[in-house]
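First the structure, in the form of structure tokens, and then the observations on it.
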Amino acid sequence: MTIEALHPFAGDHAVQSVAFVLEWASPLDTAALKAVRQLAPRFQASFPVVQEQRQITVKVEATAGGRSPKHKAAATPATELGGIQFIHNSGHAPGTFTRMIQVQRKNCLVALNEYSRWDTVWPRVQGWLEALLPIVLSGRALSAITLQYQDVFYWREDVSRLDLREVFRAGSSYLPPNCLDQKSAWHSHHGFIEDIDGEWPGHLLNNVNVNVGDLNGQRQIGTMLTHKVTFGSPVWTQERATDALSSVMPMLHRINKSTLQDVFSDAVREKIGLTVQQEG
Numbered sequence: 078m079t080i081e082a083l084h085p086f087a088g089d090h091a092v093q094s095v096a097f098v099l100e101w102a103s104p105l106d107t108a109a110l111k112a113v114r115q116l117a118p119r120f121q122a123s124f125p126v127v128q129e130q131r132q133i134t135v136k137v138e139a140t141a142g143g144r145s146p147k148h149k150a151a152a153t154p155a156t157e158l159g160g161i162q163f164i165h166n167s168g169h170a171p172g173t174f175t176r177m178i179q180v181q182r183k184n185c186l187v188a189l190n191e192y193s194r195w196d197t198v199w200p201r202v203q204g205w206l207e208a209l210l211p212i213v214l215s216g217r218a219l220s221a222i223t224l225q226y227q228d229v230f231y232w233r234e235d236v237s238r239l240d241l242r243e244v245f246r247a248g249s250s251y252l253p254p255n256c257l258d259q260k261s262a263w264h265s266h267h268g269f270i271e272d273i274d275g276e277w278p279g280h281l282l283n284n285v286n287v288n289v290g291d292l293n294g295q296r297q298i299g300t301m302l303t304h305k306v307t308f309g310s311p312v313w314t315q316e317r318a319t320d321a322l323s324s325v326m327p328m329l330h331r332i333n334k335s336t337l338q339d340v341f342s343d344a345v346r347e348k349i350g351l352t353v354q355q356e357g
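Going letter by letter, the sequence shown gives residues 78 to 357 in this note's numbering.
Written as structure tokens, this is what we have:
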């Protein structure tokens, strides 16, 4: 095998998508979601499309003994505002997007299907999230922060020439040794929880998913790494939440990098510029 036949998703890096998630304990009410909807002019340049998500609620009246009265009309489902999406469509295929903000009653997601470097992407995402904080954290506390990366490599050569020992690091803490000798498709999932101390104590959930398989007749190697901090104490006030964003999300990015450095071989890391000094 030659490592030249392994092609990162974006040429100089392998990031296919990245997601940033904030969670709070008590759900937003309809008034708060309508207030989020009013941010459309502020997001217009980056997210020209706004969509409302509806949710269905059904009220069921219980009777004595748990029996329903005879001849009573069936409950009619009611729809109410369940979320707001701000979208920038990709133009490549219907229903696809390059970036999206989705605010639902108990969480907010920023999803990007375009990526350059952390130092470029994160300041923009941070600005979008901070614009939402005065609304979503009004009378609510921030409870968790999540960062998720998906990386993909394409193998453009005969599959028989793919040597996984040249792709993955021997002795990786996150992969079972037998996977390196597999010739067909396989998937590895490794999840663990760590306690964290310092300014933002709580616990950190890390999920490391590695997948080798075929799509449309082409061998692909992919990773999906998810890192979630759940705070030991709720983070009240917009100022504290802003500080948490500024501290925790970059920490999760560093953890993501160090995990990938443990998963991939030196040759693959060099191909995508994944070094200790590089912050991309």
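Using N, Cα and C, we set each Cβ at its ideal position, and we do this for glycine too.
Residue state for H330 is assigned as helix, using DSSP reduced to three classes. When only Cα atoms are considered, L105 and G299 end up about 35 Å apart.
In the structure shown, P200 falls within a helical segment according to DSSP collapsed to helix, strand and coil. About 33 Å separates the Cβ atoms of K348 and A221, ruling out a contact at the 8 Å cut-off. The beta carbon of Q128 is closer than 6 Å to those of Q162 in its chain, skipping five residues each way along the sequence.
The residue among T79, Q203, Q132 with its C-alpha nearest the C-alpha of S323 is Q203. When C-alpha distances from V98 are compared across N283, A188, L239, the shortest belongs to A188. Beta-bridge partners of Q227 (DSSP): S94, M301. Under the DSSP definition of a beta bridge, G268 partners with N284. Counting along the chain, A188 sits inside the beta strand (DSSP E) bounded by residues 184-189.
The shortest CA-to-CA distance from V340 to any of D320, P211, Q130, V285 is the one to V285. Taking each of I80, H266, E100 in turn and checking the Cα distance to L219, the smallest one comes out for E100. The shortest CA-to-CA distance from R242 to any of R233, Y231, F230, N255 is the one to N255. Scanning E191, S250, V198, T156 for the CA closest to the CA of H169 turns up E191. The three-state reading of DSSP puts V244 in coil, since its state is none of H, G, I, E or B. Put simply, the backbone Cα of A117 is about 22 Å away from that of T156. With fewer than 16 other Cβ atoms from the protein chains shown falling within 10 Å of its own Cβ, S193 counts as exposed. Under the three-state reduction of DSSP, A262 is assigned to coil, being neither helix nor strand. Assignment of beta-bridge partners to A208 by DSSP yields no partner. By the Cβ rule, the region 230-238 counts as touching the region 83-91, because three or more pairs are nearer than 8 Å. Taking a cut-off of 8 Å on C-beta distances, the region 269-280 does not touch the region 165-179, as fewer than three cross pairs fall below it.
For L322, the secondary structure class from DSSP, reduced to helix, strand or coil, is helix. Under the criterion of beta carbons closer than 8 Å, Q225 and V345 do not qualify as touching, at roughly 20 Å. Non-local C-beta neighbours of V312 in its own chain, meaning closer than 7 Å and more than five positions away in sequence, comprise A218, L219, A318, A321, ordered along the chain. Assigned with DSSP and collapsed to three states, E234 falls in coil, not helix or strand. In the DSSP assignment, R119 falls within the alpha helix (DSSP H) that extends over 117-120. Distance from the CA of P211 to the CA of V92, rounded to the nearest whole angstrom, comes to 31 Å.
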